[in-house]
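Asker: One structure, pasted below without further comment.
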Amino acid sequence: MIKTAEYQTLVFEKEVEFGVYLKEDNTEAPEHVLLPKKQVPSGFKRGDSIEVFIYRDSKDRLIATTAKPKLTLHKAAKLTVKEVGKIGAFLDWGLEKDLLLPFAEQTYRVKAGESVLVAPYIDKSGRIAATMKVYPYLPVAEGIKTDDRVTGTVYEISDNFGAFVAIDDMYQGLIPKKELYKDVKPGDTVEARVISVREDGKVNLSVREKSYIQIEEDAEDILDLIKSYDGVLPFTDKASPEVIKRETGMSKNEFKKAVGHLYKNRKIEITESGTIRII
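Numbering of the sequence shown is given in the working numbering, commencing with residue 20 and proceeding in unit increments.
Given below as structure tokens:
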């Protein structure tokens, strides 16, 4: 059976004016597919076999190509948006016919020129299309261990779980909700530290350093923030978690630790009026 969106090795059946028809070897099935004339390699003759990729052309006919698409079925990859039309976005995937990313399969509205993480699927009409809902297409990573540094793309934010990340744009990863100190959104590229690898192989990540390293970085960020307020920060760790998160990007607990570190090292003073001043 000739399958859409897959590589197959097929055999030269017959030549026509506009190309060569290919079929499966050792089968009497009448099904065949056209390899356009410009794709036919020199010296290719009846009975020869060739590996091709199968997709549908602009007239919705099955077509074979020797070109290599930038992604195949059951795998995710980043593709560039060429344009946005009435039914969705069209992506450059290395073939003549662009790949459709329907609006219903977008986790956020994409723009022309943008690079987006997608996976291909076969829609109800048998056509190849793309989705940004890539979780089912990401396997668990092998060989990743605690404290490794990884880079990935955020593809979904969950109020319950945190930020789902495609490590190396290929593997499952999660920044748990309690580790989400920075504002991240789908499409962002993040650098993270592996904080645990579960028994099922799924990876938990953090965008923060180990506490003894992170406290130094947080302290420097707070000093910079105080300087931006002309040397006096108009709130302390007594402020609400919402105010602290908005102003510093830190949780109240992390802010409190960093302020305590600065106070202990006599770099700041905390006034009775509820401000923090650089010494």
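We put the CB at the ideal spot given by N, CA and C, even for glycine.
#1: Given a threshold of 16 other Cβ atoms within 10 Å of its Cβ, counted over all protein chains shown, does Ile-241 qualify as buried or as exposed?
#2: Are the beta-carbon atoms of Gly-206 and Val-135 separated by less than 8 Å?
#3: Along the chain, where does the alpha helix (DSSP H) containing Pro-260 start, and where does it finish?
#4: For Met-269, is the classification buried or exposed, using 16 other Cβ atoms within 10 angstroms of its Cβ as the cut-off for buried?
#5: Let's see if you can read the secondary structure: which residues bound the beta strand (DSSP E) around Leu-92?
#6: Once you ignore the five residues that flank Leu-244 on each side, which residues in its own chain have a CB closer than 8 Å to its CB?
#7: Using C-beta distances below 7 Å, list every residue in its chain close to Ile-289, excluding the 5 sequence neighbours before and after it, in chain order.
#8: Mind checking which residues open and close the alpha helix (DSSP H) that includes Asn-272?
#9: Secondary structure at Asp-240, three-state DSSP: helix, strand or coil?
#10: Just the Cα atoms here: how many angstroms apart are Lys-97 and Ala-160?
#11: With respect to the beta strand (DSSP E) encompassing Phe-72, which residues constitute its N-terminal and C-terminal limits?
#12: Hey, out of Val-203, Phe-37 and Lys-275, whose CA is closest to Asp-237's CA?
#13: Would you call Ala-95 buried or exposed, if buried means 16 or more other Cβ atoms sit within 10 Å of its Cβ?
#14: List, from N- to C-terminal side, the alpha helix (DSSP H) runs of 4 residues or more that fit wholly inside the stretch 110-135.
#15: Pairs of beta-carbons, one from the stretch 207-223 and one from the stretch 124-141, closer than 8 Å: are there three or more?
#16: With DSSP as the reference, identify every bridge partner of Glu-175, one or two as the case may be.
#17: From Lys-130, Gly-113 and Leu-114, pick the residue whose C-alpha is nearest to that of Pro-121; which is it?
#18: Please check the pair Ala-24 and Leu-54, which I expect to be a contact at CB under 8 Å, by giving their CB distance rounded to whole angstroms.
#19: What's the C-alpha gap between Asp-188 and Val-153?
#20: Using 8 Å as the limit for Cβ to Cβ distance, is Lys-130 near chain C?
#21: Taking the C-alpha atoms as reference points, what is the distance between Val-209 and Arg-227?
#22: Is Val-173 near Val-203, with beta carbons less than 8 Å apart?
#23: Phe-109 and Glu-115 - do their beta-carbons sit closer together than 8 Å?
#24: Count the other CB atoms within 10 Å of the CB of Ile-194; is the residue buried (16 or more) or exposed (fewer)?
#25: When DSSP builds the beta bridges, which residues end up paired with Asn-223?
#26: Give the C-beta separation of Thr-165 and Val-216 to the nearest angstrom, bearing in mind that I take them to be a contact with Cβ-Cβ under 8 Å.
#27: Would Val-213 pass as a contact of Asp-167 if the rule is Cβ separation under 8 Å?
Answerer: Taking the coordinates as given:
#1: The residue given as residue 241 occupies position 222 in the sequence shown. With 16 or more other Cβ atoms within 10 Å, it is buried.
#2: Taking the sequence shown and counting its residues from 1, the one referred to as residue 206 is at position 187. Taking the sequence shown and counting its residues from 1, the one referred to as residue 135 is at position 116. Cβ atoms of Gly-206 and Val-135: closer than 8 Å.
#3: Along the sequence shown, one-based indexing puts residue 260 at 241. First-last of the alpha helix (DSSP H) with Pro-260: 260-267.
#4: The count along the sequence shown starts at 1 and reaches residue 269 at position 250. So Met-269 counts as buried.
#5: If you number the sequence shown from 1, residue 92 lands on position 73. Run containing Leu-92: none; DSSP gives neither H nor E here.
#6: For the purposes of this step, residue 244 is identified with residue 225 of the sequence shown, where counting begins at 1. Hits under 8 Å: Leu-252, Glu-266 and Thr-267.
#7: Taking the sequence shown and counting its residues from 1, one reaches residue 289 at position 270. Hits under 7 Å: Thr-255, Tyr-282 and Ile-295.
#8: Here residue 272 refers to the residue found at position 253 when the sequence shown is read from its first residue. That run of the alpha helix (DSSP H) goes 271-283.
#9: By one-based count along the sequence shown, residue 240 stands at place 221. Asp-240 falls in the helix class under three-state DSSP.
#10: Counting from 1 along the sequence shown, the entry for residue 97 is found at position 78. Counting from 1 along the sequence shown, the entry for residue 160 is found at position 141. In a straight line, the C-alpha of Lys-97 is about 18 Å away from that of Ala-160.
#11: In the sequence shown, counting from the first residue as 1, residue 72 sits at position 53. Here the beta strand (DSSP E) through Phe-72 covers 68-75.
#12: As a working mapping, residue 237 is identified with position 218 in the sequence shown. With distances taken between Cα atoms, Asp-237 lies closest to Lys-275.
#13: For this step, residue 95 is matched to residue 76 along the sequence shown. So Ala-95 counts as buried.
#14: none
#15: no
#16: Here residue 175 refers to the residue found at position 156 when the sequence shown is read from its first residue. Paired residue(s): Phe-183.
#17: Here residue 121 corresponds to residue number 102 of the sequence shown, with the count starting at 1. Ranking the options by Cα distance to Pro-121, first place goes to Lys-130.
#18: Translated into positions along the sequence shown, residue 24 becomes position 5. Translated into positions along the sequence shown, residue 54 becomes position 35. Contact doesn't hold; Cβ gap of about 16 Å is too wide.
#19: The residue given as residue 188 occupies position 169 in the sequence shown. The residue given as residue 153 occupies position 134 in the sequence shown. Approximately 10 Å between the Cα atoms of the pair.
#20: Absent here is chain C; the protein component of the structure consists of one chain.
#21: On the sequence shown, residue 209 is found 190 positions in, with the first residue counted as 1. On the sequence shown, residue 227 is found 208 positions in, with the first residue counted as 1. Cα to Cα, Val-209 sits roughly 11 Å from Arg-227.
#22: Locating residue 173 in the sequence shown gives position 154, counting from the first residue. Locating residue 203 in the sequence shown gives position 184, counting from the first residue. Going by C-beta atoms, Val-173 is nearer than 8 Å to Val-203.
#23: Counting from 1 along the sequence shown, the entry for residue 115 is found at position 96. Counting from 1 along the sequence shown, the entry for residue 109 is found at position 90. No, Cβ-Cβ distance for Glu-115 and Phe-109 is not below 8 Å.
#24: Looking up residue 194 in the sequence shown gives position 175. It is buried - the Cβ of Ile-194 has at least 16 other Cβ atoms within 10 Å.
#25: As a position in the sequence shown, residue 223 is number 204, starting the count at 1. Per DSSP, Leu-193 and Ser-215.
#26: In the sequence shown, counting from the first residue as 1, residue 165 sits at position 146. In the sequence shown, counting from the first residue as 1, residue 216 sits at position 197. That pair is a contact at about 6 Å.
#27: Working through the sequence shown from its first residue, we reach residue 213 at position 194. Working through the sequence shown from its first residue, we reach residue 167 at position 148. Yes.
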